[in-house]
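S.K.: One structure, as structure tokens, below. Some questions next.
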Amino acid sequence: MIGWASGWSMVLVAAWTNERLAHFGRPALSAAVFAGPGAGIFISGMLAVAINGMALSAAQAWLVYGVLALVLVGAISMNLPRTGDLHRPDTAPEPLVLTPALKRLVWSYSLAGFGYILPATFLSQMAAARFPGSLFAQFVWPIFGGAAVLGIVIGILTRHKLTTQSRLAITLWIQALGVLCAELVPGVIGLVLGALFTGGGFLSVVQLSILHGRELAPHHARYMAGLLTTGYALGQLVGPMLSAVSTALTQRLEPALYVAVVALAIAGLLVINTPARAMIKNGPNPD
Numbered sequence: 002m003i004g005w006a007s008g009w010s011m012v013l014v015a016a017w018t019n020e021r022l023a024h025f026g027r028p029a030l031s032a033a034v035f036a037g038p039g040a041g042i043f044i045s046g047m048l049a050v051a052i053n054g055m056a057l058s059a060a061q062a063w064l065v066y067g068v069l070a071l072v073l074v075g076a077i078s079m080n081l082p083r084t085g086d087l088h089r090p091d092t093a094p095e096p097l098v099l100t101p102a103l104k105r106l107v108w109s110y111s112l113a114g115f116g117y118i119l120p121a122t123f124l125s126q127m128a129a130a131r132f133p134g135s136l137f138a139q140f141v142w143p144i145f146g147g148a149a150v151l152g153i154v155i156g157i158l159t160r161h162k163l164t165t166q167s168r169l170a171i172t173l174w175i176q177a178l179g180v181l182c183a184e185l186v187p188g189v190i191g192l193v194l195g196a197l198f199t200g201g202g203f204l205s206v207v208q209l210s211i212l213h214g215r216e217l218a219p220h221h222a223r224y225m226a227g228l229l230t231t232g233y234a235l236g237q238l239v240g241p242m243l244s245a246v247s248t249a250l251t252q253r254l255e256p257a258l259y260v261a262v263v264a265l266a267i268a269g270l271l272v273i274n275t276p277a278r279a280m281i282k283n284g285p286n287p288d
């Protein structure tokens with residue numbers, strides 16, 4: 002239920018805010034919307050540290066998070082669009098054709114979901130295994146969330162430097178580097194670099210992929226957001242399954258992490274050479 006609600010919320014909020022910002026002539030601020038989940042990850046991570054300090058049980062912790070989520074949703078619900086606010090244009094757009102560029106983007110984003118979920122899920126466990134009894138393991142998730150916000154800020158500042166797909170590819174490769182750092186660099190430094198690089202690219206990949214989907218199919222932005230999210234969710238589903246297989250066969254998580262590195266590297270390659278790289282300057286490309 003949490004995964005279902007999270008996916009729907011991301012797609013609907015992104016579609017709504019993008020439309021409203023475009024209406025007010027501030028489309029560049031759409032990236033700032035994605036800093037919200039990063040801030041939420043940081044806050045929830047710090048709350049987990051506090052909950053652990055109070056020696057609450059897992060059931061009590063879930064209750065705290067559930068009540069907090071209910072209060073926050075109630076607080077923001079008054080600002081959400083009402084019936085009829087999100088309407089389709091009077092004239093139906095041309096049917097969407099999944100061009101090679103769109104297919105590569107969907108595959109890239111699906112691989113991104115697969116590649117990110119393994120380190121995001123197991124970084125805290127890796128920290129706890131390397132440093133038993135240390136408080137450091139509790140702060141991996143807040144570092145991840147803070148880095149996600151920082152990644153969005155960097156993305157906003159560099160939005161005019163490169164094309165969307167170039168920035169997306171670079172971000173995916175930075176995430177791959179983060180997974181390698183977490184695995185190969187010893188001590189606290191490796192885990193911190195892993196959290197910074199993987200977390201820093203997390204929401205930027207989401208934002209840039211949805212943005213590039215809108216560039217490639219400007220009249221089907223909502224559909225593309227839903228299609229991309231579906232692929233991302235499938236990748237997130239396959240990731241833990243692979244980790245279970247890796248652990249069962251080798252008693253180690255490392256093989257699955259190396260597959261995640263390869264997946265993120267391929268995800269970047271899929272979008273870096275798309276023929277649509279000049280789209281922003283020259284208009285939509287048929288491919």
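Read left to right, the sequence shown gives residues 2 to 288 (our numbering).
Here a beta-carbon is modelled for each residue, glycine too, at the ideal position from N, C-alpha and C.
Starting from the C-beta of alanine 264, find all residues in its chain whose C-beta is less than 6 Å away, skip the five residues before and the five after it, and write them out in chain order.
M.R.: Leu112, Phe115, Gly116
S.K.: Contact check, isoleucine 118 vs glycine 269 under 8 Å by CB: the rounded distance?
M.R.: That pair is no contact at about 17 Å.
S.K.: Can you look up proline 287 in the DSSP assignment and give me helix, strand or coil?
M.R.: Caution is warranted here: a pLDDT of 40 is assigned to proline 287, below 50, making its placement in the model unreliable, and the coordinate value is therefore given only provisionally. Correct three-state label for proline 287: coil.
S.K.: Please look up how many angstroms separate the CB atoms of glycine 227 and valine 107, rounded, as I've assumed it's under 8 Å.
M.R.: In this structure glycine 227 does not touch valine 107 by the C-beta definition: roughly 11 Å separates them, more than the 8 Å allowed.
S.K.: So, are the CB atoms of isoleucine 153 and serine 109 less than 8 Å apart?
M.R.: Not in contact: isoleucine 153 and serine 109 (Cβ atoms no closer than 8 Å).
S.K.: Can you tell me which of Met47, Pro96, Arg27, Gly146 puts its alpha carbon nearest to the alpha carbon of glycine 139?
M.R.: The identity of residue 139 in the sequence shown is glutamine, whereas the question assumes glycine. Checking every option, the nearest Cα to that of glutamine 139 belongs to Met47.
S.K.: Identify the continuous alpha helix (DSSP H) that holds phenylalanine 132 and give its terminal residues.
M.R.: Unbroken run through phenylalanine 132: none, as it is neither H nor E.
S.K.: For glycine 146, which option in His220, Thr165, Thr122 has the closest C-alpha, if you only look at C-alpha atoms?
M.R.: Measuring C-alpha to C-alpha distances from glycine 146 to each of His220, Thr165, Thr122 identifies Thr122 as the nearest.
S.K.: Exposed or buried, alanine 59, counting other C-beta atoms within 10 Å across all chains shown (16 or more means buried)?
M.R.: exposed
S.K.: My assumption, with CB atoms under 8 Å, is that alanine 238 sits in contact with valine 260. Please give the rounded CB distance.
M.R.: In the sequence as presented, alanine is not what sits at residue 238; that position holds leucine. About 15 Å; that fails the 8 Å criterion.
S.K.: Please state whether the Cβ-Cβ distance between leucine 192 and leucine 124 is less than 8 Å.
M.R.: yes
S.K.: Where does valine 262 land, buried or exposed, given buried means 16+ other C-beta within 10 angstroms?
M.R.: So valine 262 counts as buried.
S.K.: Just curious, the alpha helix (DSSP H) that glutamine 139 is in, first and last residue?
M.R.: Careful: glutamine 139 lies outside any alpha helix (DSSP H) and carries neither H nor E.
S.K.: Within 8 Å, do at least three Cβ pairs link the region 23-41 to the region 95-106?
M.R.: The region 95-106 makes no contact with the region 23-41: fewer than 3 CB pairs, one atom from each, lie closer than 8 Å.
S.K.: Which runs of the alpha helix (DSSP H) at least 4 residues long sit entirely within the region 211-242? Give them in chain order.
M.R.: none
S.K.: Looking at the unbroken alpha helix (DSSP H) that takes in valine 72, where does it start and where does it end?
M.R.: 59-78
S.K.: DSSP on lysine 162, reduced to helix/strand/coil?
M.R.: coil
S.K.: Report yes if the CB atom of alanine 15 is closer than 8 Å to the CB atom of isoleucine 211, and no otherwise.
M.R.: yes
S.K.: Taking C-beta to C-beta, are glycine 202 and isoleucine 175 nearer than 8 Å?
M.R.: Against a cut-off of 8 Å, the Cβ pair of isoleucine 175 and glycine 202 comes out as a contact.
S.K.: Would you say alanine 218 and methionine 225 are within 8 Å of each other, going by their C-beta atoms?
M.R.: For alanine 218 and methionine 225, yes; Cβs fall inside 8 Å.
S.K.: Could you give the first and the last residue of the continuous alpha helix (DSSP H) run that contains glycine 39?
M.R.: 36-54
S.K.: Assuming leucine 271 and arginine 105 are in contact, meaning their beta carbons sit under 8 Å apart, how far apart are those beta carbons, in whole angstroms?
M.R.: 4 Å
S.K.: My output table needs one value for glutamine 252: the three-state DSSP class, helix, strand or coil.
M.R.: coil
S.K.: Could you check the C-alpha separation between leucine 71 and methionine 79 for me, to the nearest Å?
M.R.: 13 Å
S.K.: What three-state label does DSSP hand asparagine 19 in the structure shown?
M.R.: helix
S.K.: Once DSSP output is grouped into helix, strand and coil, what is the label at leucine 99?
M.R.: coil
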